[in-house]
DNA sequence: GTAGGGTTAG
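In the numbering used here, the protein residues as written are 19 to 662.
Here it is as C-alpha cells:
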C-alpha cells in the first residue's frame, strides 16, 4: 500500500515546474487555463495544487460538450478522474451528460467498481431503473457483477423506484452468483419492505439471514425495521425493537421516535404516544415538525379532536403549520368521524390563513363531501381548485374526475382527461374504474368496453365486482361478444375470479347462441357450474350447436360430475337422425353412453329403431341398444340400493 | 470521493 501512494506523490511535487512553462507560452493547451490557479495555489497553500489531471477534470466539468472534452483529454484522464466527472454530473442532476459520460467511459474501457456504483446511484435518483438493469446485465466480469458495492447500488436503484419484485429476484441471483452481502445490502433490501404487502415477513427473513451471516444490527437497520413495523401495523414488535435498540447501547434519534409514534397512531394508542413523548423530551431531543405532526395524527385518528385542535394551535405557534399537512390530518379525521361540518370549517380556516394547498386538502375535502353525499359541493370545490391551480397530480385528478362524473358534468370530465394527457400523468386503476362506472351509467357501451380493454392492456387488475356488472349489462344491451371479452380479460388477468362469474357469462352466451364459446367456458370450469345452467346449455347446444361437437360436449358435461339428462340425450339423437351422414358420431355416442352407464329413454330408443334403416345399421344399433339397456338395468339396481 | 435507512396528508 505504501508503494501505491508514491506514484501519486511524485507528479504532485513535480507539477509546478511542469505547468510553469505553459505560463510563458499560452497556447491552446488544456493546461493553460490552470496557470492563474497555480499562482493562487502558491499564495494560499491550503488549496489543492493543480495537476494536469485535475485541470482536465475541471475542463470537462466546465465544457459545454463533455464528450468532446473527454475525447480531447483522453490521454491525461484516468478512470478515477472520469468517476469524479461522472459524480459531478450526477450531483448537479444533469442526467443526459451523466449518461453520455458513462457511455464514453464504457467505450474507452475506463470503468471500475466505483463507476458502476455511482452510476447506478444516480440512475436511481433519475428514476431510470430500466437503464440500471440494462447496464448491470451487460457487465461481463463476474467479480464486478457480485461486488458488494455494485450490487448495493443497483439494488438501491430498484428499491428507490418501487421495483420490489425485481429487487428481490435480482438479489437472489446475486447471492447465487457469489455476493457476500453486508449491512448496506440489508438496509437497502429492508427499505424495500416498507411498502411491500408481506413486508414484515420478508423483513424477518432478511433479519434471520443477516444474523446467520454474523452481522450485527446497527441503528440504521433498527430505524428501517421500525418503519416497517409502523407501515404494517406491528405495534408491539415496534416497541420491542425500540427497546432492543436502546439495550444495545444506541441512542434513538427523532426518526426512531417518529416511526414508533406512527405505529401508535395506527392503533390510536394515545396513552403510549404520550409516554413516548415524555421519553423523547427526557432524552434531550427536541420534537420537530414531523414528530408533532405525527402526534397530531395519533390524536386525530383516535378521535381526540380537542387535543388535536390544541396541538394544531401549538404547531401554528411554532411555525410548523405553514404547509397543509397538519390541517389535512385533522380535516380527514373529522370528516371520517362524521364531523363534515367541522371539517369544512377547518378547511376554510386554513384557506383564510393563506396556507397553500398543493391539492391534498382539496382532495380530502372533495372526497369527504362526495362520501357524505354533497355531490354538488364536491364539484364546486373541484372547480375552485381548477381555478386556483395549474399543478395536478394523479390523486387530485382522480378525485376531481369522480366529482365531475357523479354530477354528470361531461365537459369537465373531458377537461380532466385532457389535462391528464397533457401533463403526461398515467391513469391508474382508480381512474379507469371511475370512467367505467361513468360510461356505464350513461350506457355508452363502446366506451365502457374500450376503457376496460385499455385498463387490461395497461396491466391493471380489473375490478371484479364492477366488471361482472358491466359484463351483464353488455349482455343485456345486446353485446354478448364484448361481454365474453370482458369475461376473458378478467379470467386471464391472473387472479382467481369468483366462481359465479362463469355462470353469469353462460347466462349471456347461451341465449345469444354463442354456443361454442359457452362450451369452452364449461370445459374449463365444469365443476363450478350449477346443474341448472349445465342443463340449459346442454339442451340449447344439442338443439342448435355444431353437430360435430356434440360428443365432445357430452364428455365435458359428464366430466363436470353432472348426470346428463335424458332430455339432452333425446335431443342429440334427434339431431343425429336428421343427419344420417353423422352415423359414426351417433354410434360412438351410444357406445360411450354404455361405458358411462347411461342409456337412452324409451322414446329415443323407438325413434332410433324406427330410423335405423336410414343409417343402414339396423342390426348394429339394435345390438348397442340392448347392450346399453342391460348395463343400465344392472347399474340402476345398484343405484337404487344406494339411495334406499 | 463506490454503495445504506427511517417520520407526516389525499
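Glycine is no exception: its CB is placed at the ideal position from the N, C-alpha and C atoms. Note that this is a predicted model, so its numbers are computed, not measured.
task = Could you check if residue 432 is buried or exposed, using at least 16 other CB atoms within 10 Å of its CB as the buried criterion?
result = exposed
Touching by the beta-carbon criterion (3+ pairs, under 8 Å), the segment 380–390 and the segment 349–362 = In short, these stretches touch, since the Cβ pair count reaches three.
request  = Report the three-state DSSP secondary structure of residue 371 (helix, strand or coil).
outcome  = Coil, per DSSP.
query = What are the residues that DSSP puts in a beta bridge with residue 341?
reply = Residue 341 is bridged to 374.
Buried versus exposed, by CB contacts within 10 Å (16 or more), residue 516 = exposed
request  = Put residue 211 into one of helix, strand or coil per three-state DSSP.
outcome  = coil
task = Please report the residue range of the alpha helix (DSSP H) in which residue 142 lies.
result = 131–143 is the extent of the alpha helix (DSSP H) around residue 142.
key: Candidates 459, 488, 460: closest to residue 471 by CA position   = 488
task = Pull up the distance between the alpha-carbon of residue 101 and that of residue 70, whole angstroms please.
result = 16 Å
Where the alpha helix (DSSP H) containing residue 118 begins and where it ends = 113–125
message = With H, G and I counted as helix, E and B as strand and the rest as coil, what does DSSP make of residue 496?
response = coil
key: Spatial distance of residue 295 from residue 274 (CA atoms)   = 12 Å
key: Per-residue DSSP class, three states only, for residue 646   = helix
message = Quick check: the Cα distance between residue 511 and residue 476, rounded to an integer number of angstroms?
response = 11 Å
key: Cβ distance (whole Å) where residue 346 is taken to contact residue 309 below 8 Å   = Actually they do not touch by this definition, with Cβ atoms about 17 Å apart.
task = List the endpoints of the continuous alpha helix (DSSP H) containing residue 195.
result = Residue range 182–195 is occupied by the alpha helix (DSSP H) that includes residue 195.
ask   = In terms of residues, what are the limits of the alpha helix (DSSP H) holding residue 226?
value = 217–230
key: Close-in-space but distant-in-sequence residues of the same chain around residue 393 (CB under 8 Å, 5 per side omitted)   = 387, 421, 424, 425
message = Can you check which of these residues, 185, 616, 632, 410, is closest to residue 592 by C-alpha distance?
response = When each option's Cα is compared against that of residue 592, the closest is 632.
task = With a threshold of 16 other CB atoms inside 10 Å of the CB of residue 646, please say whether the residue is buried or exposed.
result = Residue 646 sits buried, since 16 or more C-beta atoms from the chains shown fall within 10 Å of its C-beta.
request  = Can you grab the Cα-Cα spacing for the pair residue 594 / residue 621, in whole Å?
outcome  = 15 Å
Cβ-Cβ distance between residue 344 and residue 311 below 8 Å = Contact flag set, yes.
request  = Apply the 10 Å Cβ neighbour rule to residue 110 and answer buried if 16 or more other Cβ atoms are within range, or exposed otherwise.
outcome  = Under the 10 Å beta carbon count, residue 110 is surrounded by fewer than 16 other beta carbons and is classified as exposed.
ask   = According to the Cβ coordinates, are residue 128 and residue 89 closer than 8 Å?
value = Cβ atoms of residue 128 and residue 89: not closer than 8 Å.
ask   = In chain order, which continuous runs of the alpha helix (DSSP H) of length 4 or greater are located wholly inside the segment 150–174?
value = Listed in chain order, they are 160–163.
message = So for residue 406, helix, strand or coil by DSSP?
response = helix
key: residue 246 - containing alpha helix (DSSP H), residue span   = 237–249
Distance between residue 427 and residue 286 (C-alpha atoms, nearest Å) = 39 Å
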